[in-house]
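Engineer: Shown below is the structure under consideration.
Residue numbers (the numbering used here): 7 to 76.
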């Protein structure tokens, strides 16, 4: 997945927490930079799975509305 503003906005609209979005995009910054990153060791595995499931459902909806198939 490409790190870009539309991805960030879509995850936010889908209700995905900022920390989880950063973990999904493998972005080291914000909540995982500096001192916070030293102590933040949670891998967000379950949360990332939920976020990617929501992303998949969103894309499936967009494609179905446009007449495309997956």
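Each residue gets a CB set at the ideal place from its N, CA and C atoms; glycine is no exception.
Check whether the segment 20–28 and the segment 57–74 are in contact - that is, three or more C-beta pairs closer than 8 Å.
Structural biologist: Contact between the segment 20–28 and the segment 57–74 is present, because at least three Cβ pairs lie under 8 Å.
Engineer: Considering only residues of the same chain and omitting the five flanking positions on each side of residue 26, which have a CB-CB separation below 7 Å?
Structural biologist: Closer than 7 Å at the Cβ level, and outside the excluded window around residue 26, lie 50, 53, 54, 57.
Engineer: May I ask you to report which of helix, strand or coil DSSP gives residue 31?
Structural biologist: Three-state result, residue 31: coil.
Engineer: Between which two residues does the alpha helix (DSSP H) carrying residue 64 extend?
Structural biologist: Residue 64 -> alpha helix (DSSP H) spans 51–72.
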